[in-house]
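Data block below; observations after.
There are 2 protein chains.
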Amino acid sequence: MNEVTRREQSRAATELDIRRQARELLVREGQEAVTLRAIARELGITAPALYRYYASREELLSRIREDICGDLSAELTAAMPTEQGHLSKVFAVCRGFRWWALAHPREFALVFATPAAKGTRKRGGPERQGGGGTAHEQEMPRRDELGSVFLKVAGPLMAEGVAESPPAHIPEELRDGLGDSRRDLAEAFEAEGIDMPREALSAEAVYLLLRWWARLYGQVALEVFDQFPFDVSQAGRLFESMLVELAGESGLS
Amino acid sequence: MNEVTRREQSRAATELDIRRQARELLVREGQEAVTLRAIARELGITAPALYRYYASREELLSRIREDICGDLSAELTAAMPTEQGHLSKVFAVCRGFRWWALAHPREFALVFATPAAKGTRKRGGPERQGGGGTAHEQEMPRRDELGSVFLKVAGPLMAEGVAESPPAHIPEELRDGLGDSRRDLAEAFEAEGIDMPREALSAEAVYLLLRWWARLYGQVALEVFDQFPFDVSQAGRLFESMLVELAGESGLS
DNA sequence: TGGGCGAAGTAAACGCCGTTAACTCGGGAT
DNA sequence: ATCCCGAGTTAACGGCGTTTACTTCGCCCA
């Protein structure tokens, strides 16, 4: 067993080439230049051949989004120091995210700023199709893989009860409404294999997590899309300032 | 004088129709549906006729971006209470911005999250082509018009020395680098006809202004692009919480 | 009042695009 | 040796932005 016929091999290689060329076009010339015909041209084949691999251009773009998340995920994981205390890990991931976004603005836009497409973004129900595992269990959406990086770094911090000082008093009505998010987050940690004592997932902790993500994403998007009101050559320092501030508000050193 | 020939009238009307149809297509079906042929079809003319009005599709989109800024600007101005203290005005503008963005996601994306297009976004030099004014002095980019709304509400707050308490100690290296921004901001206020004593434009004030914009933009983009890590039904409350927090950090009631 | 100029609009065409349908042809299983 | 099926092809459809050459008609001036 484990025979890989030439056909399978060739198919896999071509599929990879397609995505690679598509990525290159995206980087070089922007989203609307990612054209089935252009990809095919670069690969020395004809456009309709691509339909043997993807049902449509939109599906190809979708796969590319996943690839991008995978790459980003790997890069952030690599940038994370082993043995350095959780705070430096958090900082490393945040800085890594910013750096990646600035270096790959089109990819960032494709993944993090595509206007939602209406029906997308379902809450992932219990639709695990648990077939017998061959080798690598199989191709879960890379989006989760990216989330897992953030969870891996946030988890330990939350587990050890980050905010000894409960600095941000949450508005009452928000505290109540955060219940669903607490459950979602608990599930996510469990799925990730990270132990998370129920009481560590306080409303405060969830609130803090949301603030981290909101400000990180916000500042990065602001910078990538160049939406500073007047030119800010100090964006980097501003970002660093945000990080230490956020850390302070979270009760970290 | 002041004669408007039928030609001019007709031309102006058609130009307006074009932009209106384009906006409708944008809202209804998204950016890539804003097609010269589609617009022409809806107007009962042929596509090449549009080239009498705009040199290219890209130029048309550019004009639409300006129109959108104009509308948003007007909406925010209207939403601003007269006679209510500066803080409520700030809150009203922020809430208005969020509300508008959620109600007009495609417009928001077009204006606030388009990947920069390389050569754009020059710092506006002294290239005023001050011809003799006919009627309305003429068509300054709507982007400035939008900025002016924010300046109009931020100005008074800064002028009266917002942060009596200097709460956020700015990192030294950032304080230095903020010099350019202070100059830019001073110019902007002057251009807007808002008196701004030089000493009110402290580094702290500029820093606070940047934080307001960064968080406002960030949170709104996060919500429009649906990038919350898990579903947050409480986005509205989260937004409100951010506002009061920001106000607190700025030394406002 | 008429002549002509210039602007608004059209028709036809070019080269792109995504997508479909009908085909060739060769590797792999029987 | 045979058949099958899947990767790849060619040809075609309709839609796209844009250019070119043309009609047509409102306006200005004689």
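Chains as they are written, first to last, in full-length UniProt numbering: chain A, 1 to 253; chain B, 1 to 253.
Glycine included, each C-beta is placed from N, C-alpha and C at the ideal position.
Endpoints, the alpha helix (DSSP H) within which residue i is located
{"i": "V153 (chain A)", "result": "142-159"}
{"i": "A200 (chain A)", "result": "First-last for A200 (chain A): undefined, no H or E at that position."}
{"i": "I68 (chain B)", "result": "57-79"}
{"i": "D176 (chain B)", "result": "172-177"}
{"i": "H104 (chain B)", "result": "No alpha helix (DSSP H) holds H104 (chain B); DSSP gives it neither H nor E."}
{"i": "G248 (chain B)", "result": "235-249"}
{"i": "E42 (chain A)", "result": "36-43"}
{"i": "L50 (chain B)", "result": "First-last for L50 (chain B): undefined, no H or E at that position."}
{"i": "E15 (chain A)", "result": "6-29"}
Alpha-carbon to alpha-carbon, residue j and residue i
{"i": "E173 (chain A)", "j": "L151 (chain A)", "result": "26 Å"}
{"i": "T14 (chain A)", "j": "L252 (chain A)", "result": "48 Å"}
{"i": "L110 (chain A)", "j": "S56 (chain B)", "result": "24 Å"}
{"i": "T77 (chain B)", "j": "V149 (chain B)", "result": "7 Å"}
{"i": "S181 (chain B)", "j": "V206 (chain B)", "result": "7 Å"}
{"i": "S10 (chain A)", "j": "D71 (chain A)", "result": "23 Å"}
{"i": "E204 (chain B)", "j": "R211 (chain B)", "result": "10 Å"}
{"i": "S250 (chain B)", "j": "Y217 (chain A)", "result": "22 Å"}
{"i": "G44 (chain A)", "j": "E190 (chain A)", "result": "46 Å"}
{"i": "F91 (chain B)", "j": "L16 (chain A)", "result": "50 Å"}
{"i": "R183 (chain A)", "j": "Q234 (chain A)", "result": "39 Å"}
{"i": "R198 (chain B)", "j": "A186 (chain B)", "result": "8 Å"}
{"i": "P48 (chain A)", "j": "G179 (chain A)", "result": "49 Å"}
{"i": "S39 (chain B)", "j": "P156 (chain B)", "result": "Note that residue 39 (chain B) corresponds to Ile in the displayed sequence, not to Ser. Roughly 43 Å between the two C-alpha positions."}
{"i": "R175 (chain A)", "j": "M242 (chain A)", "result": "24 Å"}
{"i": "E75 (chain B)", "j": "E58 (chain B)", "result": "26 Å"}
{"i": "T46 (chain A)", "j": "T5 (chain A)", "result": "24 Å"}
{"i": "H169 (chain B)", "j": "L146 (chain B)", "result": "30 Å"}
{"i": "G193 (chain A)", "j": "E223 (chain B)", "result": "29 Å"}
{"i": "F108 (chain B)", "j": "E83 (chain A)", "result": "42 Å"}
{"i": "A33 (chain B)", "j": "E240 (chain B)", "result": "35 Å"}
{"i": "A188 (chain A)", "j": "Q227 (chain B)", "result": "16 Å"}
{"i": "D144 (chain B)", "j": "M196 (chain A)", "result": "49 Å"}
{"i": "G85 (chain B)", "j": "C94 (chain B)", "result": "15 Å"}
{"i": "E66 (chain A)", "j": "E24 (chain A)", "result": "15 Å"}
{"i": "V244 (chain B)", "j": "P171 (chain A)", "result": "10 Å"}
{"i": "Y54 (chain B)", "j": "E42 (chain B)", "result": "17 Å"}
{"i": "H104 (chain A)", "j": "R7 (chain B)", "result": "48 Å"}
Interface flag, residue i vs chain A, CB-CB below 8 Å
{"i": "F225 (chain B)", "result": "yes"}
{"i": "P171 (chain B)", "result": "yes"}
{"i": "D144 (chain B)", "result": "no"}
{"i": "F97 (chain B)", "result": "no"}
{"i": "L210 (chain B)", "result": "yes"}
{"i": "V93 (chain B)", "result": "no"}
{"i": "A109 (chain B)", "result": "yes"}
{"i": "Y53 (chain B)", "result": "no"}
{"i": "A214 (chain B)", "result": "yes"}
{"i": "R198 (chain B)", "result": "no"}
{"i": "A153 (chain B)", "result": "Before going on, a small fix: residue 153 (chain B) reads as Val here, not Ala. Not an interface residue."}
{"i": "V232 (chain B)", "result": "yes"}
{"i": "L178 (chain B)", "result": "yes"}
Within 8 Å, strictly: CB atoms of residue i and residue j
{"i": "Q219 (chain A)", "j": "A159 (chain B)", "result": "no"}
{"i": "I18 (chain A)", "j": "L61 (chain A)", "result": "no"}
{"i": "G96 (chain B)", "j": "A79 (chain B)", "result": "yes"}
{"i": "D73 (chain B)", "j": "P81 (chain B)", "result": "It is worth fixing the name first, because residue 73 (chain B) is Ser in this sequence and not Asp. No."}
{"i": "A101 (chain B)", "j": "I64 (chain B)", "result": "no"}
{"i": "P229 (chain A)", "j": "G30 (chain B)", "result": "no"}
{"i": "V27 (chain A)", "j": "R98 (chain A)", "result": "no"}
{"i": "A12 (chain B)", "j": "A221 (chain A)", "result": "no"}
{"i": "C69 (chain A)", "j": "R142 (chain A)", "result": "yes"}
{"i": "R52 (chain B)", "j": "G177 (chain A)", "result": "no"}
{"i": "L209 (chain B)", "j": "A247 (chain B)", "result": "no"}
Cutoff 8 Å: residue i Cβ touching any chain B Cβ
{"i": "F112 (chain A)", "result": "yes"}
{"i": "R106 (chain A)", "result": "yes"}
{"i": "W100 (chain A)", "result": "no"}
{"i": "A221 (chain A)", "result": "yes"}
{"i": "V149 (chain A)", "result": "no"}
{"i": "L201 (chain A)", "result": "no"}
{"i": "A188 (chain A)", "result": "yes"}
{"i": "G70 (chain A)", "result": "no"}
{"i": "S88 (chain A)", "result": "no"}
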